[in-house]
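Quick look at the structure:
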């Protein structure tokens with residue numbers, strides 16, 4: 462099972478927020494952050510370690526228009542999926558939202574199952590797009606380019622397809638350790654004729670590339686019969 466993915470729900474209707482939070486967290490697939498205003502949404506997204514994989518954003522909020530907030534996010538270079546929630550299905554409103562950078566538009570009242578399907582679809586598209594950029598320790602991770610960039614040292618690290626898949630899956634798991642067999646199945650496939658030794662070899666090579674001291678891993682750590690990414694690794698010298 463993948464780790465819970467952080468989703469920000471921005472809506473001033475408490476009933477809608479709570480219902481979405483409950484439904485999104487039913488199967489531990491998502492971890493929900495809630496905001497009733499744009500000010501609260503901005504606060505939730507502050508900080509270097511703040512992570513938000515997607516946003517469900519109401520159009521009409523007490524302190525502004527959700528479409529303006531979406532345009533603000535895009536101007537700041539944030540490309541995570543944004544799905545607008547609105548009480549109007551007027552074509553002009555939908556066009557304005559999409560022009561502001563929204564990925565999808567869902568009219569209220571909506572069916573939860575349909576909204577979840579659209580959310581998952583947008584997340585899949587984003588993960589495989591050129592825009593997908595994630596932070597891992599001191600690195601900027603670009604899965605589509607199979608690349609890690611370390612701005613502080615102006616360094617670029619090329620990754621193999623499997624190394625990219627390993628990092629991508631561990632990132633999605635958050636701080637939860639992923640058992641070796643689960644990671645092996647997800648990266649190589651359930652029917653692949655490979656052993657955990659193959660995975661361990663790839664982990665070893667990956668650590669040689671990204672760890673300041675590969676013999677004492679601080680970023681890609683071994684834990685609970687598997688591996689996880691450490692959100693606060695030892696600073697690179």
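In the numbering used here, the protein residues as written are 462 to 698.
Idealized CB from N, CA, C, for every residue including glycine.
Find the nearest neighbour of residue 553 within the set 541, 601, 528, 536, judged by alpha-carbon distance.
Here residue 553 refers to the residue found at position 92 when the chain shown is read from its first residue. Residue 528 is the option with its Cα nearest to residue 553.
Can you give me the start and stop residues for the beta strand (DSSP E) that residue 620 sits inside?
If you number the chain shown from 1, residue 620 lands on position 159. That residue, residue 620, is in no beta strand (DSSP E); it is neither H nor E in DSSP.
Just mark residue 684 as buried or exposed, buried being the case when its beta carbon has 16 or more other beta carbons within 10 Å.
In the chain shown, the residue the question calls residue 684 occupies position 223. Looking at its Cβ environment, which holds fewer than 16 other Cβ atoms inside 10 Å, residue 684 is exposed.
Quick check: the Cα distance between residue 678 and residue 568, rounded to an integer number of angstroms?
If you number the chain shown from 1, residue 678 lands on position 217. If you number the chain shown from 1, residue 568 lands on position 107. When only Cα atoms are considered, residue 678 and residue 568 end up about 48 Å apart.
Whole-angstrom Cβ separation of residue 515 and residue 468, contact assumed at under 8 Å?
Position 54 of the chain shown holds residue 515. Position 7 of the chain shown holds residue 468. Contact between residue 515 and residue 468 holds, with the beta-carbon distance rounding to 5 Å and staying under 8 Å.
Applying the criterion that 16 or more other CB atoms from any shown protein chain within 10 Å of the CB defines a buried residue, is residue 547 buried or exposed?
On the chain shown, residue 547 is found 86 positions in, with the first residue counted as 1. Result: buried.
Rounded C-beta distance between residue 604 and residue 629? I'm assuming under 8 Å.
The residue you call residue 604 lines up with position 143 of the chain shown. The residue you call residue 629 lines up with position 168 of the chain shown. Between residue 629 and residue 604 the Cβ distance is about 5 Å, and since that is below 8 Å, they are a contact.
Can you name the residues that DSSP bridges to residue 596?
The residue labelled residue 596 in the question sits at position 135 within the chain shown. The partner list for residue 596 (beta bridge, DSSP) reads 601.
Is it buried or exposed for residue 537, if we count other Cβ within 10 angstroms and need 16 for buried?
Sequence index remark: in the chain shown, residue 537 carries index 76 (1-based). Flag for residue 537 reads exposed.
For residue 519, which three-state DSSP category applies?
Counting from 1 along the chain shown, the entry for residue 519 is found at position 58. If DSSP states are grouped into helix, strand and coil, residue 519 belongs with the strands.
Identify the continuous beta strand (DSSP E) that holds residue 610 and give its terminal residues.
Counting from 1 along the chain shown, the entry for residue 610 is found at position 149. Per DSSP, residue 610 belongs to the beta strand (DSSP E) from 608-611.
With distances taken Cα to Cα, identify the nearest neighbour of residue 689 among 640, 656, 650, 535.
Counting from 1 along the chain shown, the entry for residue 689 is found at position 228. That would be 640, whose Cα lies nearest to the Cα of residue 689.
Please determine if the region 473-490 and the region 518-533 are in contact, where contact requires at least 3 C-beta pairs separated by less than 8 Å.
yes
Nearest to residue 559 by CA position, among 573, 570, 542, is which residue?
Within the chain shown, numbered from 1, the residue matching residue 559 stands at position 98. The option with the nearest alpha carbon to residue 559 is 542.
Following a CB-centred definition, is residue 623 positioned closer than 8 Å to any heavy atom of the ligand GTP?
With respect to the ligand GTP, the structure offers nothing, as it holds no ligand at all.
Of the residues 673, 675, 663, 517, which one's Cα is nearest the Cα of residue 621?
By one-based count along the chain shown, residue 621 stands at place 160. Per the Cα distances, 663.
Can you tell me whether DSSP reads residue 477 as helix, strand or coil?
Position 16 of the chain shown, counted from the start, is the residue given in the question as residue 477. Helix at residue 477.
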